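When we follow the numbering used here, the leftmost residue of the sequence shown carries the number 4, and every step to the right adds one.
Cβ atoms here follow ideal geometry from the backbone N, Cα and C, with glycine treated the same way.
Since this is a predicted model, take the numbers as computed values, not measurements.
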Amino acid sequence: MRRLVLPLIAVSVALSACTFSTGGATGATRNVQVPTGSESVVGVVQKVLPAVVNVTTDQFRQGGGQDQGVGTGFIVRSDGVIVTNCHVIERASKITVFTSDASPRELPARVIGADCEHDLAVLKVDAKNLPTVTLGDSGSLQLGETVVAFGYALALDGGPSVTTGIVSSLNRTIEAPDPGCGDSCENFTRTYSNVIQTDAAINPGNSGGPLVNLRGEVVGINTAGTTSAENIGFAIPIDAARSTITAAEKDPLAPTAYLGVVTQPVTPALALQFDLSVDAGLYVIDLSAGAPADEAGLRQGDVIISVADQTVSTPEELGKVLEGLDPEQKVAVGYVRGSAPSRSVEVTLGTRPLPTTLP
Numbered sequence: 004m005r006r007l008v009l010p011l012i013a014v015s016v017a018l019s020a021c022t023f024s025t026g027g028a029t030g031a032t033r034n035v036q037v038p039t040g041s042e043s044v045v046g047v048v049q050k051v052l053p054a055v056v057n058v059t060t061d062q063f064r065q066g067g068g069q070d071q072g073v074g075t076g077f078i079v080r081s082d083g084v085i086v087t088n089c090h091v092i093e094r095a096s097k098i099t100v101f102t103s104d105a106s107p108r109e110l111p112a113r114v115i116g117a118d119c120e121h122d123l124a125v126l127k128v129d130a131k132n133l134p135t136v137t138l139g140d141s142g143s144l145q146l147g148e149t150v151v152a153f154g155y156a157l158a159l160d161g162g163p164s165v166t167t168g169i170v171s172s173l174n175r176t177i178e179a180p181d182p183g184c185g186d187s188c189e190n191f192t193r194t195y196s197n198v199i200q201t202d203a204a205i206n207p208g209n210s211g212g213p214l215v216n217l218r219g220e221v222v223g224i225n226t227a228g229t230t231s232a233e234n235i236g237f238a239i240p241i242d243a244a245r246s247t248i249t250a251a252e253k254d255p256l257a258p259t260a261y262l263g264v265v266t267q268p269v270t271p272a273l274a275l276q277f278d279l280s281v282d283a284g285l286y287v288i289d290l291s292a293g294a295p296a297d298e299a300g301l302r303q304g305d306v307i308i309s310v311a312d313q314t315v316s317t318p319e320e321l322g323k324v325l326e327g328l329d330p331e332q333k334v335a336v337g338y339v340r341g342s343a344p345s346r347s348v349e350v351t352l353g354t355r356p357l358p359t360t361l362p
């Protein structure tokens, strides 16, 4: 997925989003051994790299089908609290985190906090004793200071990329068109204020990765890089993200149940068009691969008529039913396939990755 980002100055510069869409899975990573006494950047890499993660999402495409998005995150708490960009996980039906170990661990993730207006999201994975980064003080950054950027650039195999540069500006304001941002931005355009500009290479796939100083402290969150100009990238100051991270740690969003389906209400016209045996219910337009509905055997074209013995005929009704259920709970889902009689299947509900995503 690509976006244009326009600095709010007289000369416009075209930029790309730092998420990257791919049809494949994440490649394995490898650790590089370096001699003792190597330059300070190598020491920073050794300190920070273990806490950098790949954030991969399954996303429903408008008009049907799914894309896979790839971004980056970093671990801030050893029990699995991870920071990334909101635009990395928006519209996600499934979020998976891969560690940067030589043999990466694959961990399902969910959102526990977000400030999508400022493009921040906090994830949680079920793990212990994970390596973490240290959060620094972006307010103490100086022009010309050396910084190091980490991220899964272009979704390339072989683990995250590492680039170096300097702080080029401390108070840029830029706009980034984002068709998927919904209510979190105006006219599908994000505005980033007081962002850090750096000449460290930031490419698609870097979004959500850490920008660190030579002490190995995170001073920014990589957000946007250029496509038509060289040596211009942007990062959200870590000081602006600290309150969102703290709030998510203290009061995480509660896990809620989901099926992983995209539906539309059955109408008389729809029932006639597809020769349905019912005139009410939820016609399944699409399913997330591997989601509870998919695993239970539901298909595109089925009509869901009940969940947990409660009749549903609109997406809103389905959402309300699921709000009263728990992840991992087994429930009966009544459905109709074509003109056949209604039937029921047992579904083990999953954990909804985003509070505002699919029911």
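- Message: When you compare the CB positions of L146 and L126, do they come within less than 8 Å of one another, or not?
- Response: No, these two residues do not count as a Cβ contact at 8 Å.
- Task: Keeping to the same chain, check which residues put their C-beta closer than 7 Å to that of Y286; ignore five residues upstream and five downstream.
- Result: The residues T266, Q267, V269, L273 and V306, in chain order, have a CB closer than 7 Å to that of Y286 in the same chain once the five nearest residues on each side in sequence are set aside.
- Query: With distances taken between CB atoms, is the gap from R113 to Y261 smaller than 8 Å?
  - Reply: No, the Cβ-Cβ distance between R113 and Y261 is not below 8 Å.
- Task: Pair every Cβ in the stretch 120-139 with every Cβ in the stretch 77-95, then say whether three or more of these pairs are closer than 8 Å.
- Result: At 8 Å Cβ cutoff, the stretches touch.
- Message: Suppose the cutoff is 8 Å on Cβ atoms and the five residues either side in sequence are ignored; what does the same chain contact list for P295 look like?
- Response: Same-chain partners within the cutoff: Y261, L262, G263, V350, T351, L352 and G353.
- Query: Closest by CA to T149, which one among V348, G219 and V51?
  - Reply: The shortest Cα separation from T149 among V348, G219 and V51 belongs to G219.
- Task: Helix, strand or coil for K97, going by three-state DSSP, please let me know.
- Result: Correct three-state label for K97: strand.
- Query: Ends of the beta strand (DSSP E) at I308?
  - Reply: That run of the beta strand (DSSP E) goes D305 to V310.
- Cross-strand partners of Q145 (DSSP beta bridge): Q145 is not bridged to any residue.
- Query: What residues in its chain sit with their C-beta under 7 Å from that of P53, if we drop five residues either side in the sequence?
  - Reply: Excluding the 5 residues flanking it on each side, P53 has same chain C-beta neighbours closer than 7 Å at S103 and P134, in chain order.
- Helix, strand or coil: how does DSSP classify Q332 here? In the displayed model, Q332 falls within coil according to three-state DSSP, outside both helix and strand.
- Query: In whole angstroms, what separates the C-alpha of P344 from that of I308?
  - Reply: Inter-residue distance for P344 and I308 is about 12 Å (C-alpha atoms, whole angstroms).
- Item | D61, buried or exposed, once every other Cβ within 10 Å from all chains shown has been counted against 16 | Around the beta carbon of D61, 16 or more other beta carbons sit within 10 angstroms, so the residue counts as buried.
- Following the continuous beta strand (DSSP E) through T135, name the residue where it begins and the one where it ends. Careful: T135 lies outside any beta strand (DSSP E) and carries neither H nor E.
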